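Take a look at the structure set out below.
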Amino acid sequence: MEGAATLPAWRANLATIAALMARARNELLRVPGAAIPGVLAPTIFFLGINGVFGALTQLHGFDTGTYESFVVPVSMLQGAGFTGAAAGVNLARDMEQGWVDRLLVSPAPRWVLLAGTVLAASARALIPATFVLAIALALGAGWPGIDGLLIAYLMVAAMAAVAACWGSALALRFKSQSAAPLMQAGMMALIFTTTAYAPLALLQPWLRSVAEVNPVTRVVDAARQGFLGAVTWSETWPGVVALTGLLIVLGAWSLREMRRTAV
Amino acid sequence: MSELRKTARVVGALGMRSIRQTFRRPQLIAPILVFPTLLLAIQTGGAGGAVNLPGFPPVQGFLQFMLAGAMMQSLMLAGNSGGIALAVDIEMGFTDRLFAAPIPRYAIVLGRLAGTAALGLFAAIWFLAIGLIFGAELHSGVVAVPIAIVLVTATAMAVGGIGAAIALRTGSASVVQGLFPLVLVVLFLSSAFFPNGLMIQPARAIAEYNPLSFVVEGIRDPIVSSVDAGTELEALLAVLGIAALGLVLSARALRHRLRVG
Amino acid sequence: MRSATTAIAVEGLERAFDEVLAVRGVDIAVGEGEIFGFLGPNGAGKTTTVRMLTTLLLPTGGRATVAGHDVVAEARQVRASIGVALQEAALDPLMTGRELIRLQATLQGLPGAEGRRRADDLLERVDLADAADRRVGTYSGGMQRRLDLAAALVHEPRVLFLDEPTTGLDPVSRKTIWEEVRALNDDGTTVFLTTQYLEEADQLADNVGIIDRGTIVAEGTPEALKAEIGNPHVQLQLAEGSVAAAEQACAPIGKLLPPRDARTVLVDVENGSADIPRIVRALDEAGIEVGALELVRPTLDDVFVAKTGHHLEKEEDGSGAGAEPEPIEA
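Chains as they are written, first to last, in the working numbering: chain B, 1 to 263; chain E, 1001 to 1261; chain S, 2001 to 2330.
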């Protein structure tokens, strides 16, 4: 018997990505309170770090008097990291429950299956980012301007994609939710070993060395610029390059892991 | 064998089980050790310049100051973890096996707390070792070690009692897990990570009265300066207060669990 | 129904997990339009074999083609040609039944309108139309299996893989699935069915392959395999403690077979019902009380016992899917 007639490959791929993103959206819409942990963690960290370390702005070398302005982009990125890592945890859960077999047995290309997970995480990360931003503005953080805001959101969406690639690669390698702490810790380490708490010059020597080579430092600086002053291309392009590089490396790794999971 | 010895054996066996469970599953050990260690490194490296702020207590370095906070974070998460594990036992039906056994009911909770206490002990030793390896000094000398160990272990049990109470009352691991952010909130609103006097309001006001602040100061004092009896007494009273709360809540929750099945 | 074309060709297929060889050199040929029953106990290697044929697992040796495509070199083409309903019904509890089939249609590359139409048709066909807009998490086990089957059919695959489709189902649900499988096969779909239930293989399969400990131990039509075994056997239900004495009494009359449980004695009888009076006399002379005595024609389990030395199914298996023994002939 003949099989059913199918769409051209590019249309089928787009439709599959859209369908997988719609499925990811189900968890937000159909599980009460599903959005809360993703929003709560960065918000608590923002309020906590601000309340605890806010006096750091008194140190010579801080170019802003409001610690809220300094920290809010970090919290937005932290929310992105958390959301992306959570996408990896969900993938691990789907593997444990056999759902991923359904995807792997279909003719959809592997990169399409990954793209669905990654793009869903990017979109979802905008929720905690907006929530944290609203709180920060209420507490006195500087308005970043439309250009600063757009760049911050771009950094958030791309960081979530990076985190989703990282989480997915680990999920596909370990096939178990027990890898969840590694997914979260990895992103936490990446985002906080930067100028997260203080400018480069005020970091302890060991952390300064790490931050100088950590590509996410460029991302933090790019996301932060609008909150501290004017947006410039020279502050922006290093962040874009850093995220592109991370996406290429982690995306390739996660794709490789997916190809190894089945034939 | 006397009743007391029998109970002690049961508590010991259940305690060993809870320790084995934790060390065999990475998702249980990570929040207790990995995250607090990571946070210690990040905060020490990132906010270490704080020691130069006017009004910052005299310390050898920010790491020395932060060790107590890291231990607090670890023990709080151990208590939360213990609660999650007990809730999983309830969901799986394992507690039914224990309830059906000829053991005192309270031994079930005590066994879980024994496990949590052991994790607290491990955390205290871990962070003291990390501190010493990375150059922090114990200002009071070796006496700081048993003080830290006693306070951390006792507080872990006290907090574990509250975690156990929530587990027994709700029977749901995801509810107990959902309280994890609350742990962070309570810690941030204490002097775990920064001196009270330099925190921003309203965090400062809350931290002044937060019992955890007293416990943290009790652990921190011998590390950053000489032992002060008043500070240690306040710490002990705070621990006893938390323990009493945990005891009352878990006793009532246990009665509730036995009623609802 | 068989055809000259081979839908599934397996040669020397192997899969090792570290030191353990779960599948050791399996050879299978399934013609187009055939129902192939793949039978074996838990842990025999059935699911591992199916996962290799459905491109979910890389073989470590041998080769296989499905619908004319190599499972390693042309994996994507294989996936476009097959429908799969796996042992763990891979469903999302948060989705509705309709959403799941539509998603499957999208995964298979079907246009949106076509996917929707097929979803409606299939839901009707597997009697889930009323539950289509309820979440899968609210479905019973039987409903979930039917949904899984419907999803596997959305793109009209040439070859359908069913991995233990009725395990854990009640008899009514099981019969429904069987009817559906027969209907599909009548439409020309090749079906590769793994099962641990004799009756299922007996009822549905054109050809049967029996796997034990990673190797094919027998292959052929159910009738041919049973005819190979030849003799029927007598099944004696005894009181506890009298099995040894009964075995001693029956040994001179026929060949003793491995017991199914602690109160049964099985005796292979060359002369069929003619040997029954001799058995009854021998037991009577030995003073042994018999609870029940039945003459049982060969089943696939007997084939399995002959090839491997142990039973495929335990008598105590609660699913009740084993072949029923016949009453004594007059």
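No residue lacks a Cβ here, since even glycine has one placed at the ideal position from N, Cα and C.
Small disclaimer: the values here were computed from a predicted structure and weren't measured.
query = Around the C-beta of H60 of chain B, are 16 or more other C-beta atoms found within 10 angstroms, so that it is buried, or is it exposed?
reply = For the purposes of this step, residue 60 of chain B is identified with residue 60 of the first sequence, where counting begins at 1. Burial call: exposed.
message = 9 Å is my cut-off, CB to CB: does E2114 of chain S come that close to chain B?
response = Here residue 2114 of chain S is taken as the residue at index 114 of the third sequence, counted from 1. Using beta-carbon distances, E2114 of chain S counts as an interface residue toward chain B, with a partner under 9 Å.
ask   = Exposed or buried, which one is Q225 of chain B when buried takes at least 16 other CB atoms within 10 Å?
value = Along the first sequence, one-based indexing puts residue 225 of chain B at 225. It is buried - the Cβ of Q225 of chain B has at least 16 other Cβ atoms within 10 Å.
request  = Work out the CA separation of K2175 of chain S and S2319 of chain S for me, nearest whole Å.
outcome  = Translated into positions along the third sequence, residue 2319 of chain S becomes position 319. Translated into positions along the third sequence, residue 2175 of chain S becomes position 175. In this prediction, S2319 of chain S scores a pLDDT of 38, lower than 50, which makes its location untrustworthy; the coordinate-derived value is nonetheless stated afterwards. Rounded to whole angstroms, the gap between the alpha carbons of S2319 of chain S and K2175 of chain S is 13 Å.
key: Cutoff 8 Å; reference E2019 of chain S; Cβ partners in own chain excluding five residues on either side   = Sequence index remark: in the third sequence, residue 2019 of chain S carries index 19 (1-based). Within the same chain, E2019 of chain S has no close Cβ partners at all.
request  = Measuring only between beta-carbons, confirm whether P2165 of chain S sits less than 9 Å from chain B.
outcome  = As a working note, residue 2165 of chain S is residue 165 in the third sequence. Among the residues facing chain B, P2165 of chain S is not included, as its CB has no counterpart in that chain under 9 Å away.
query = If you measure from the beta carbon of I2008 of chain S to each beta carbon in chain B, is any gap under 9 Å?
reply = Here residue 2008 of chain S is taken as the residue at index 8 of the third sequence, counted from 1. Among the CB atoms of chain B, none fall inside 9 Å of the CB of I2008 of chain S.
inquiry  = Does A196 of chain B come out as helix, strand or coil in the three-state DSSP assignment?
reply    = Walking along the first sequence from the start, residue 196 of chain B turns up at place 196. In this structure, A196 of chain B counts as coil in the three-state DSSP scheme.
query = What does a CB cutoff of less than 8 Å around S75 of chain B pick up in its chain, not counting 5 residues either side in sequence?
reply = As a working note, residue 75 of chain B is residue 75 in the first sequence. Listed in chain order, the non-local C-beta contacts of S75 of chain B below 8 Å within the same chain comprise P42, T43, F45, F46, I49, V132, A136, local neighbours out to five positions each way being set aside.
ask   = Of all the residues that make up the region 2078 to 2110 of chain S, which are near chain B by a beta-carbon distance shorter than 7 Å?
value = Under the 7 Å Cβ criterion, the region 2078 to 2110 of chain S contributes R2079, A2080, S2081, V2084, L2086, E2088, A2090, D2092, L2094, M2095, L2103, T2106, L2107, Q2108, G2109, L2110.
key: Chain-ordered residues of the region 1169 to 1186 of chain E with a beta carbon less than 8 Å from chain B   = Answer in chain order: G1178, P1181, L1184, V1185.
ask   = Does the Cβ-Cβ distance between A120 of chain B and L20 of chain B come in under 9 Å?
value = As a first step, residue 120 of chain B must be located in the first sequence, where it is residue number 120. As a first step, residue 20 of chain B must be located in the first sequence, where it is residue number 20. The Cβ-Cβ distance between A120 of chain B and L20 of chain B falls below 9 Å.
key: 4 or more residues per run - each alpha helix (DSSP H) lying fully within the region 2232 to 2294 of chain S   = For secondary structure counted as the alpha helix (DSSP H) over 4 or more consecutive residues, the region 2232 to 2294 of chain S holds these complete runs in sequence order: 2243 to 2250, 2276 to 2285.
ask   = For V2191 of chain S versus I2035 of chain S, is the C-beta distance shorter than 9 Å?
value = Locating residue 2191 of chain S in the third sequence gives position 191, counting from the first residue. Locating residue 2035 of chain S in the third sequence gives position 35, counting from the first residue. In this structure, I2035 of chain S lies closer than 9 Å to V2191 of chain S by Cβ.
ask   = For E27 of chain B, which residues in chain S fall below 8 Å Cβ to Cβ?
value = For the purposes of this step, residue 27 of chain B is identified with residue 27 of the first sequence, where counting begins at 1. Going along chain S in sequence order, the residues near E27 of chain B (Cβ under 8 Å) are L2094.
query = Can you tell me the Cα-Cα spacing of S2081 of chain S and L2053 of chain S, whole angstroms?
reply = Start at 1 with the first residue of the third sequence, and residue 2081 of chain S comes out as number 81. Start at 1 with the first residue of the third sequence, and residue 2053 of chain S comes out as number 53. S2081 of chain S and L2053 of chain S: Cα-Cα distance of roughly 12 Å.
request  = Anything in chain B within Cβ reach of L1053 of chain E, meaning under 7 Å, just list it in chain order.
outcome  = The residue labelled residue 1053 of chain E in the question sits at position 53 within the second sequence. Neighbours of L1053 of chain E on chain B, chain order: A55, Q58, L59.
request  = Return no unless some Cβ of chain S is closer than 9 Å to the Cβ of S106 of chain B.
outcome  = In the first sequence, residue 106 of chain B corresponds to position 106, counting from 1. Yes, contact with chain S.
ask   = Is there at least one Cβ from chain S nearer than 9 Å to Q177 of chain B's Cβ?
value = Counting from one through the first sequence, the residue named residue 177 of chain B turns up at place 177. No, Q177 of chain B does not count as interfacial toward chain S.
Where E2199 of chain S sits in the DSSP three-state scheme = Here residue 2199 of chain S corresponds to residue number 199 of the third sequence, with the count starting at 1. DSSP places E2199 of chain S in helix when its eight states are reduced to three.
task = Look at M1071 of chain E and A1123 of chain E and say whether their C-beta atoms are less than 9 Å apart.
result = For the purposes of this step, residue 1071 of chain E is taken as residue 71 along the second sequence, with counting starting at 1. For the purposes of this step, residue 1123 of chain E is taken as residue 123 along the second sequence, with counting starting at 1. Taking 9 Å as the Cβ cut-off, M1071 of chain E and A1123 of chain E qualify as a contacting pair.
ask   = L2169 of chain S touches chain B at which residues, Cβ-Cβ below 8 Å?
value = Counted from its first residue, the third sequence places residue 2169 of chain S at position 169. Neighbours of L2169 of chain S on chain B: none; closest Cβ ~17 Å, over 8 Å.
ask   = Between L1121 of chain E and R1204 of chain E, what straight-line distance do the alpha-carbon atoms span, to the nearest angstrom?
value = Against the second sequence, residue 1121 of chain E aligns to sequence position 121. Against the second sequence, residue 1204 of chain E aligns to sequence position 204. Each residue's Cα considered, the two are about 29 Å apart.
message = Taking 9 Å as the threshold (C-beta atoms), are L1077 of chain E and F972 of chain E in contact?
response = Only positions 1001 to 1261 of chain E appear in the structure, and residue 972 of chain E is not among them; the question remains open.
message = Judging by CA-CA distance, which residue of S:R2146, S:V2154, S:R2158 is the nearest neighbour of E2164 of chain S?
response = Residue numbering aside, residue 2164 of chain S sits at position 164 when the third sequence is read from its first letter. Taking only the C-alpha atoms, the option nearest E2164 of chain S is S:R2146.
query = Any beta-carbon of chain E closer than 9 Å to the one on L14 of chain B?
reply = For the purposes of this step, residue 14 of chain B is taken as the residue at position 14 of the first sequence. Residue contact with chain E for L14 of chain B: absent (no Cβ-Cβ distance below 9 Å to any residue of chain E).
Contacts that A1048 of chain E makes with chain B (C-beta to C-beta distance below 7 Å) = Within the second sequence, the letter at position 48 stands for residue 1048 of chain E. At residue 1048 of chain E the sequence reads Gly, which differs from the Ala that was named. Near G1048 of chain E (Cβ distances below 7 Å), the residues of chain B are Q204.
ask   = Buried or exposed: which applies to F1094 of chain E, given that a residue is buried once 16 or more other Cβ atoms fall within 10 Å of its Cβ?
value = One-based indexing of the second sequence puts residue 1094 of chain E at position 94. By the neighbour-count rule (16 or more Cβ atoms within 10 Å), F1094 of chain E is not buried but exposed.
request  = Select from the region 2056 to 2073 of chain S all residues with a C-beta closer than 8 Å to any C-beta belonging to chain B, and list them in chain order.
outcome  = Per Cβ criterion, the list reads L2056, L2057, L2058, V2071, V2072.
query = Are there 16 or more other CB atoms within 10 angstroms of the CB of Q2248 of chain S, so buried, or fewer, so exposed?
reply = Start at 1 with the first residue of the third sequence, and residue 2248 of chain S comes out as number 248. By the neighbour-count rule (16 or more Cβ atoms within 10 Å), Q2248 of chain S is not buried but exposed.
request  = Measure the CB-CB distance between A9 of chain B and V105 of chain B and report whether it falls below 9 Å.
outcome  = For the purposes of this step, residue 9 of chain B is taken as the residue at position 9 of the first sequence. For the purposes of this step, residue 105 of chain B is taken as the residue at position 105 of the first sequence. Pairing A9 of chain B with V105 of chain B gives a Cβ-Cβ distance that is not under 9 Å.
ask   = Near Q1043 of chain E, which residues of its chain fall below 7 Å by C-beta distance, leaving aside the five closest residues on each side in sequence?
value = Within the second sequence, residue 1043 of chain E is the residue found at index 43, counting from 1. Excluding residues within five positions, the ones whose Cβ falls inside 7 Å are M1066, F1193.
query = Would you say P37 of chain B faces chain E, with C-beta separation under 9 Å as the test?
reply = In the first sequence, residue 37 of chain B corresponds to position 37, counting from 1. Yes, P37 of chain B lies at the interface with chain E (some Cβ there is under 9 Å from its Cβ).
message = Taking only three categories from DSSP, how would you classify E27 of chain B?
response = Position 27 of the first sequence, counted from the start, is the residue given in the question as residue 27 of chain B. Reduced to three states, the DSSP call for E27 of chain B is helix.
message = With three or more beta-carbon pairs closer than 8 Å as the criterion, would you say the region 2231 to 2247 of chain S touches the region 2047 to 2065 of chain S?
response = In this structure the region 2231 to 2247 of chain S does not touch the region 2047 to 2065 of chain S; the number of beta carbon pairs closer than 8 Å is below three.
message = Short of 9 Å Cβ to Cβ, which residues in the region 1115 to 1136 of chain E face chain B?
response = Residues: none.
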